[in-house]
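Chains A and B, in that order, give the protein sequences.
Mapped onto numbering that gives the first Met the number 0, the consecutive letters of the first sequence carry residue numbers 0 to 584.
Mapped onto numbering that gives the first Met the number 0, the consecutive letters of the second sequence carry residue numbers 0 to 108.
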Amino acid sequence: MKTKGSKSTTPAILPKCLTGIQGLDEITGGGFPRGRPTLVCGSAGCGKTLLAAEFLVRGAAQFGEPGVLMAFEETEAELKANVASLGFDLDGLVRRKKIVIDYVHIEPSEIQESGEYDLEGLFVRLNHAIDSIGAKRVVLDTLEALFSSLANEAILRAELRRLFRWLKVKGVTAVITAERGREQLTRHGLEEYVSDCVILLDHRVNDQIATRHLRVVKYRGARHGTNEFPFLISNEGISVLPITSLGLNHKISSERIATGIPRLDAMLGGRGFFRGSSILLTGTPGTGKTIVAANFAQAAARRGERVLFFSFEESPNQIIRNMHSIGLRLEPLVKQGLLRFHSARPSLYGLEMHLATMFKEIATFKPAVVIVDPITSLMDAGTDSESKGMVTRLIDYLKGGQVTSLFTSLTQGGHSLQQSEMAMSSLMDSWLLLQDFEGNGERNRVLYVLKARGMAHSNQIREFLISDRGIDLVDAYIGPSGVLTGSARAAQNSLEKASILATQQEAARRKRELERKREAIERQISGLRSDYESETMELRRVDEQVGTRALTLTTERAASGRLRQADAKVSVSTRGNSRNGKSHK
Amino acid sequence: MKTKNPKRPAARAKRRPAKLWQLRLYVTDSTSKSVAAFTNLKKVCESQLKGCYHITVIDLVKHPELAKGDQILAVPTVVRRLPQPVRTIIGSLSDTAHLLVGLDLRPAV
């Protein structure tokens, strides 16, 4: 147990010890330094003991490295119960001799110090525990309890220094937890002794929402992420958030997927969105964002694709019921396992926790389409920069997996676009806008495509109708007085119809009049003709009469001449002719 | 049986004075502190508890598994098992005043 000054002749690459904790190994580039102590410090309740316990449990269960947990604060039974709630079978590992728990307890009131001493007892116990199972990992939680138990700090400090050296010589990978100090990392300056790797945990409350953060303060001899990474304690242990994906080198698909609204597909070059693209759907309250989203979800699920619907305002059952009223049947799709809802109040936990939960859901469900309804209420859970970072990370993550994502975004009404929206829109490939038009005592919805990267798209405003048979898009009327929608559009339509009808009627009337005129003229013509004919007839009759009379006269005159034997034939005939004409008239 | 059992400890208690002291001294090897602790303890016991004390010396190097039972951290440690309550004194016991207070042979000032 003699300790040597360990000037380790480190090889080129520092050997590391995988923690098995999700995300932590990526940040540290492969885990904690092997064979050296690591200090985990943080204030109360930020998950130090849990991190240490998970390090041990994962080591024993996954990496075949037995471990010793020396607890100064919690008893063995307490520890087992505490970590059991996180899915760790500490009890089973203890029974199978993979983990040894040694609870070290000192009651300061029962102890009297007299003369010099050392902490060899602690060394003996630790050594015994390590050797009994061949432990490779050691956790000391929380060593600082000794400071309140033992009065002689000088001895204690000397012994702690010796302990850390001893641990190094022993070759175990140790995790030492410590309380966060006021002006230094730890309350009793333990960082002075443990200088290879220091991890700081933090639990901050921002706007009533608490988020845990992890930061690698120091990692001697290794490159590491220096940022503060949010982490969460879930029912599967700790998971540190994946690092922001660094590049813009996602695989790109030119496959198109339908929106579920044929007319909208037509507006997007006839074939819908690109697979793996991000779509933003903004609109004022009640413009039908969720409906468009649900339509998209239904269309995807009916193609046999898995859809994950994150709802931050409505419960799954409420969405299913509401969509049923417009003819969308989501329930069978949920039962088939093609559609999954995940509902959570935005204020339930911090932005990072939401993001982590979403990542986890996405990783387990492996959807082809993800819907976030609405992203804005989620963004309220954090500051502007936080939320933008969050959306970027989410989109990067989704694009990396070629998942098509649709985000709805609530705007505050009016035409001005919110700033957060402006910031977000640059991340999006397509942007649909839903808007209200008020007028004539009614409110109507319109939809238009604000942008759609990489595809020809319509510049038209379409009126957006919601009926019990679903969504329909109709051409809005665009006239001199602006865009007309709803009953105004209907009124305009009927007005146009009426004017056409009137013109038609006018034409018909004139035609009829003309016809009448023609008939009248024809009637006149036929009257005149009949007059003419009757006169002609009369004339002919008169002629005949004249002829007859002349004949009669001649005959009579001839008879009388014969009687009188007259010879003046011509003069008598003329006189008698004219007299006859007059008398006839 | 029933009558004998309760009698036996009572009889033992009568025969030996009520103040039979059971002390355990935890040491490692025979370091100077360990030796000093034993010497100092013996001295105090001889002067204060002559004839009615019993010291068990436990070498933790040989029996490391025994350290857990009495929650031994520091070495040397004296544990007063009897009389109750259990008292613990750590150190080489060079400070007799503190040792006496620790063993409850003198009230703490």
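Positions of the beta carbon are idealized from the N, C-alpha and C atoms, including for glycine.
The model shown is predicted, which means the values in this text are computed figures rather than measured ones.
Residues that Gly120 of chain A contacts on chain B, provided the C-beta gap is smaller than 7 Å: As a first step, residue 120 of chain A must be located in the first sequence, where it is residue number 121. Ordered by position in chain B, the residues that pass the 7 Å Cβ test against Gly120 of chain A are Tyr25, Leu59, Ala66, Ile71, Leu72, Ala73, Val74 and Thr76.
Using 8 Å as the limit for Cβ to Cβ distance, is His187 of chain A near chain B?
Residue 187 of chain A sits at position 188 when you count from the first residue of the first sequence. With 8 Å as the cut-off, His187 of chain A does not count as an interface residue toward chain B.
Subject >> Ser386 of chain A, buried or exposed, once every other Cβ within 10 Å from all chains shown has been counted against 16 >> reply: For the purposes of this step, residue 386 of chain A is identified with residue 387 of the first sequence, where counting begins at 1. The residue is buried, with at least 16 neighbouring Cβ atoms inside 10 Å.
Does the Cβ-Cβ distance between Pro366 of chain A and Thr407 of chain A come in under 8 Å?
One-based indexing of the first sequence puts residue 366 of chain A at position 367. One-based indexing of the first sequence puts residue 407 of chain A at position 408. For Pro366 of chain A and Thr407 of chain A, no; Cβs fall outside 8 Å.
is_contact[Arg80 of chain B, chain A] using C-beta, thresh 8 Å: Along the second sequence, read from residue 1 onward, the residue named residue 80 of chain B stands at position 81. Taking Cβ atoms only, chain A never reaches closer than 8 Å to Arg80 of chain B, which makes this a no.
The beta strand (DSSP E) that contains Asp542 of chain A, what's its start and end? In the first sequence, residue 542 of chain A corresponds to position 543, counting from 1. Where Asp542 of chain A is concerned, there is no enclosing beta strand (DSSP E), although the alpha helix (DSSP H) it sits in stretches over Gly485 to Arg563.
- Task: State buried or exposed for Asn126 of chain A, treating a residue as buried only when at least 16 other CB atoms are found within 10 Å of its CB.
- Result: As a working note, residue 126 of chain A is residue 127 in the first sequence. Buried: at least 16 other Cβ atoms inside 10 Å.
Can you find a C-beta in chain B that's less than 8 Å from the C-beta of Arg179 of chain A?
Residue numbering aside, residue 179 of chain A sits at position 180 when the first sequence is read from its first letter. No, no contact with chain B.
Per DSSP, what are the beta-bridge partners of Pro32 of chain A in this structure? For the purposes of this step, residue 32 of chain A is taken as residue 33 along the first sequence, with counting starting at 1. Per DSSP, A:Lys15.
For Pro75 of chain B and Lys167 of chain A, I'd like the C-alpha separation in whole angstroms.
The residue given as residue 75 of chain B occupies position 76 in the second sequence. The residue given as residue 167 of chain A occupies position 168 in the first sequence. Distance between the alpha carbons of Pro75 of chain B and Lys167 of chain A is about 25 Å.
Answer with buried or exposed for His456 of chain A, where buried requires no fewer than 16 other C-beta atoms within 10 angstroms of its C-beta. Residue mapping note: residue 456 of chain A aligns to position 457 of the first sequence, counting from 1. It is buried - the Cβ of His456 of chain A has at least 16 other Cβ atoms within 10 Å.
Alpha carbon to alpha carbon, how far is Thr38 of chain B from Asn151 of chain A? Residue 38 of chain B sits at position 39 when you count from the first residue of the second sequence. Residue 151 of chain A sits at position 152 when you count from the first residue of the first sequence. Their Cα atoms are separated by approximately 23 Å.
* Asked: Roughly how far, in whole angstroms, is the beta-carbon of Val369 of chain A from the beta-carbon of Val402 of chain A, given that I think they are within contact range, below 8 Å?
  -> Within the first sequence, numbered from 1, the residue matching residue 369 of chain A stands at position 370. Within the first sequence, numbered from 1, the residue matching residue 402 of chain A stands at position 403. About 5 Å; that satisfies the 8 Å criterion.
Bridge partners of Cys40 of chain A, per DSSP? The residue labelled residue 40 of chain A in the question sits at position 41 within the first sequence. For Cys40 of chain A, which the question treats as bridged, DSSP gives the partners A:Ala177 and A:Leu199.
- Just the chain B side, please: which residues come within less than 8 Å of Ile117 of chain A by C-beta, in chain order? Here the question's residue 117 of chain A lines up with position 118 in the first sequence. The amino acid occupying residue 117 of chain A in the given sequence is Asp; Ile does not appear at that position. Under the 8 Å cutoff, chain B gives Lys32, Ala73 and Val74.
Could one say the Cβ of His104 of chain A lies closer than 8 Å to chain B's Cβ atoms, at least one of them? Locating residue 104 of chain A in the first sequence gives position 105, counting from the first residue. Answer yes: the Cβ-Cβ gap between His104 of chain A and chain B drops below 8 Å somewhere.
In angstroms, rounded to a whole number, what distance separates the CA positions of Leu48 of chain B and Ser93 of chain B?
Locating residue 48 of chain B in the second sequence gives position 49, counting from the first residue. Locating residue 93 of chain B in the second sequence gives position 94, counting from the first residue. Their backbone Cα atoms lie some 18 Å apart in a straight line.
Q | Simplified DSSP state of Glu109 of chain A, which is helix, strand or coil | A | Counting from 1 along the first sequence, the entry for residue 109 of chain A is found at position 110. If DSSP states are grouped into helix, strand and coil, Glu109 of chain A belongs with the helices.
Between which two residues does the alpha helix (DSSP H) holding Asn39 of chain B run? For the purposes of this step, residue 39 of chain B is identified with residue 40 of the second sequence, where counting begins at 1. Segment Ser31 to Gln47, the alpha helix (DSSP H) holding Asn39 of chain B.
Q | C-alpha gap between Val120 of chain B and Leu142 of chain A, whole angstroms | A | There is no way to answer for residue 120 of chain B, as the model of chain B reaches only from 0 to 108.
**Item:** Selection of the region 121-133 of chain A by Cβ proximity to chain B, strictly under 8 Å
**Value:** Leu121, Val123, Arg124, Asn126 and His127
Can you name, in chain order, every residue of its own chain whose Cβ lies under 6 Å from the Cβ of Gly285 of chain A, other than the five neighbours on each side?
The count along the first sequence starts at 1 and reaches residue 285 of chain A at position 286. Counting only Cβ-Cβ distances below 6 Å, and skipping sequence neighbours, we find nothing.
Relative to the alpha-carbon of Lys32 of chain B, which residue among B:Asp103, B:Ile89 and B:Leu102 has its alpha-carbon at the smallest distance?
-> Walking along the second sequence from the start, residue 32 of chain B turns up at place 33. Minimum Cα distance to Lys32 of chain B is reached at B:Ile89.
Could you tell me which whole beta strand (DSSP E) segments of length 3 or greater appear in the region 247-334 of chain A?
277-282 and 306-310
message: For Thr363 of chain A and Leu184 of chain A, what's the separation of their Cα atoms in angstroms?
response: Within the first sequence, residue 363 of chain A is the residue found at index 364, counting from 1. Within the first sequence, residue 184 of chain A is the residue found at index 185, counting from 1. Rounded to whole angstroms, Thr363 of chain A to Leu184 of chain A spans 37 Å at the Cα level.
Inset, instruction - Flag this pair as yes or no: are the beta carbons of Thr258 of chain A and Gly271 of chain A separated by less than 8 Å? - result: Numbered from its first residue, the first sequence carries residue 258 of chain A at position 259. Numbered from its first residue, the first sequence carries residue 271 of chain A at position 272. Yes, the Cβ-Cβ distance between Thr258 of chain A and Gly271 of chain A is below 8 Å.
So, for Ser147 of chain A: in the same chain, excluding its five sequence neighbours on each side, which residues have a beta-carbon less than 7 Å away from its beta-carbon?
On the first sequence, position 148 is the one that residue 147 of chain A refers to. Closer than 7 Å at Cβ, skipping near neighbours: Pro107.
*Please work out which residues of its chain come closer than 6 Å, Cβ to Cβ, to Leu19 of chain B, disregarding the five sequence neighbours upstream and downstream, and give them in chain order.*
Translated into the one-based positions of the second sequence, residue 19 of chain B becomes position 20. Within the same chain, Leu19 of chain B has close Cβ partners Cys51.
Neighbourhood of Val473 of chain A by C-beta distance below 7 Å, restricted to the same chain and skipping five residues each side
Against the first sequence, residue 473 of chain A aligns to sequence position 474. So the list reads Arg461, Glu462 and Leu464, once near-sequence residues are dropped.
So, is the C-beta of Asp195 of chain A closer than 8 Å to a C-beta in chain B?
The residue you call residue 195 of chain A lines up with position 196 of the first sequence. Chain B, which has no Cβ nearer than 8 Å to the Cβ of Asp195 of chain A, makes this no.
>> Using only CA atoms, which one of A:Ile132, A:Val56, A:Leu280 and A:Asn234 lies nearest to Trp430 of chain A?
In response: Mapped onto the first sequence, residue 430 of chain A falls at position 431. That would be A:Leu280, whose Cα lies nearest to the Cα of Trp430 of chain A.
Would Glu75 of chain A pass as a contact of Asn81 of chain A if the rule is Cβ separation under 8 Å? Mapped onto the first sequence, residue 75 of chain A falls at position 76. Mapped onto the first sequence, residue 81 of chain A falls at position 82. No, these two residues do not count as a Cβ contact at 8 Å.
- Thinking C-beta only, is Leu139 of chain A closer than 8 Å to Met69 of chain A? Reading the first sequence from its first residue, position 70 is the one you call residue 69 of chain A. Reading the first sequence from its first residue, position 140 is the one you call residue 139 of chain A. The answer is yes: Cβ separation under 8 Å.
Self-check item: Pairwise C-alpha distance: Thr48 of chain A and Asn458 of chain A
Solution: If you number the first sequence from 1, residue 458 of chain A lands on position 459. If you number the first sequence from 1, residue 48 of chain A lands on position 49. C-alpha separation (whole angstroms): 59 Å.
By how many angstroms is the C-alpha of Val56 of chain B removed from the C-alpha of Leu121 of chain A? Taking the first residue of the first sequence as position 1, residue 121 of chain A is located at position 122. Taking the first residue of the second sequence as position 1, residue 56 of chain B is located at position 57. For Leu121 of chain A and Val56 of chain B, the distance between alpha carbons rounds to 18 Å.
Which residues in chain B sit within 9 Å of Asp372 of chain A, going by Cβ to Cβ distance?
Position 373 of the first sequence, counted from the first residue, corresponds to residue 372 of chain A. Chain B residues near Asp372 of chain A: none, gap ~57 Å exceeds 9 Å.
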